[in-house]
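Beneath this line is the structure, given in structure tokens, with notes to follow.
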Amino acid sequence: AQSVTQLDSQVPVFEEAPVELRCNYSSSVSVYLFWYVQYPNQGLQLLLKYLSGSTLVESINGFEAEFNKSQTSFHLRKPSVHISDTAEYFCAVSPTSNTGKLIFGQGTTLQVKP
Amino acid sequence: EPEVTQTPSHQVTQMGQEVILRCVPISNHLYFYWYRQILGQKVEFLVSFYNNEISEKSEIFDDQFSVERPDGSNFTLKIRSTKLEDSAMYFCASSQAGRTGTEAFFGQGTRLTVV
Chain H
21 AQSVTQLDSQ
31 VPVFEEAPVE
41 LRCNYSSSVS
51 VYLFWYVQYP
61 NQGLQLLLKY
71 LSGSTLVESI
81 NGFEAEFNKS
91 QTSFHLRKPS
101 VHISDTAEYF
111 CAVSPTSNTG
121 KLIFGQGTTL
131 QVKP
Chain Z
2 EPEVTQTPSH
12 QVTQMGQEVI
22 LRCVPISNHL
32 YFYWYRQILG
42 QKVEFLVSFY
52 NNEISEKSEI
62 FDDQFSVERP
72 DGSNFTLKIR
82 STKLEDSAMY
92 FCASSQAGRT
102 GTEAFFGQGT
112 RLTVV
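Just so you know, the protein sequences line up as chains H and Z, in that order.
Those letters in the first sequence? Residues 21 to 134, per the working numbering, in order.
Those letters in the second sequence? Residues 2 to 116, per the working numbering, in order.
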């Protein structure tokens, strides 16, 4: 079985400050890793994913996440946040042998303040 | 840009009533999913559906739940006799292929309130 833990339910940060949203997972099998974002009144959108290869993956809007197998982590970072980054962020895993089922963490609300 | 559409956005129903949540997946997608999120808790997988049958379901997806693709465009989740604990946000998702890693596109969700 797999589980995902997002330790921070809310992360307040000032605009242009760096941010890290933490994600740890537990799994007895190989998994793929994902970050989804949910803006207010919208559905979940894929932000970035790790399938294989380089352990550092990037999104088009400046977020990056690094897969750390030894620490079973997939933390999300951004060096300088914008007001528009205010949203809920979900970390998720999916077994590599599966049909696409995602196992989500509890979510972290990123609140960017001016 | 193609998107997954869910209706209604908010549904209020009395305990014991049947409810149907509707989803229109992206047209060329083949795999369909339902997830739910109880307020303050994790987004939980309910069921995946491919080729007109359930490919995987969670322990939550008991006999009171059913899914159907009644025509070429809709994908529905039916709850036969709603309970208070069914109150949650329900998300529909679809993907082109079920191979993990293929992006799943999510709808905006239906907030179900059972009173």
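By construction, the Cβ of each residue, glycine as well, lies at the ideal position given by its N, Cα and C atoms.
What number of angstroms, rounded off, separates the C-alpha of residue 21 of chain Z from the C-alpha of residue 38 of chain H? If you take the alpha carbons of residue 21 of chain Z and residue 38 of chain H, they lie about 43 Å apart.
For residue 116 of chain Z, the nearest candidate out of Z/19, Z/61, Z/110, Z/105 (CA to CA): Distance check between residue 116 of chain Z and each of Z/19, Z/61, Z/110, Z/105 places Z/19 closest, using alpha-carbon atoms only.
Anything in chain H within Cβ reach of residue 44 of chain Z, meaning under 7 Å, just list it in chain order. What residue 44 of chain Z touches in chain H: 110, 124.
Just by C-beta distance, which residues in the segment 44-73 of chain H are closer than 8 Å to chain Z? Listed in sequence order: 52, 56, 61, 62, 63, 64, 65, 66, 69, 71.
Report back the beta-carbon spacing between residue 41 of chain H and residue 95 of chain H to the nearest angstrom; my notes put them in contact at under 8 Å. About 7 Å; that satisfies the 8 Å criterion.
Less than 8 Å between CB atoms is the rule here; does residue 133 of chain H satisfy it with respect to chain Z? Answer no: the Cβ-Cβ gap between residue 133 of chain H and chain Z never drops below 8 Å.
Flag this pair as yes or no: are the beta carbons of residue 113 of chain Z and residue 38 of chain Z separated by less than 8 Å? Not a contact, by the Cβ cut-off of 8 Å.
Quick check on the burial criterion: 16 or more other C-beta atoms within 10 angstroms. Buried or exposed for residue 23 of chain H? Residue 23 of chain H should be labelled exposed.
Residue range of the beta strand (DSSP E) that residue 47 of chain H falls in? In this chain, the beta strand (DSSP E) harbouring residue 47 of chain H covers 44-47.
Straight-line Cα distance separating residue 3 of chain Z from residue 30 of chain Z: Straight-line measurement puts the Cα of residue 3 of chain Z at about 11 Å from the Cα of residue 30 of chain Z.
Among all the DSSP beta bridges, which residues are the ones paired with residue 131 of chain H? Its beta-bridge partners are H/32.
Label residue 49 of chain H either buried or exposed according to how many other C-beta atoms from any shown protein chain fall within 10 Å of its C-beta, with 16 as the threshold for buried. By the neighbour-count definition (other C-beta atoms within 10 Å, threshold 16), residue 49 of chain H is an exposed residue.
Pair within 8 Å by beta-carbon distance, residue 34 of chain Z and residue 105 of chain Z: Residue 34 of chain Z is a Cβ neighbour of residue 105 of chain Z, given a cutoff of 8 Å.
Distance cutoff 8 Å, beta carbons only. Does residue 92 of chain H sit that close to anything in chain Z? It does not; no Cβ of chain Z falls within 8 Å.
C-alpha gap between residue 62 of chain Z and residue 81 of chain Z, whole angstroms: In a straight line, the C-alpha of residue 62 of chain Z is about 12 Å away from that of residue 81 of chain Z.
Which of the three DSSP states, helix, strand or coil, is assigned to residue 123 of chain H? The answer is strand: DSSP assigns residue 123 of chain H an E or B state.
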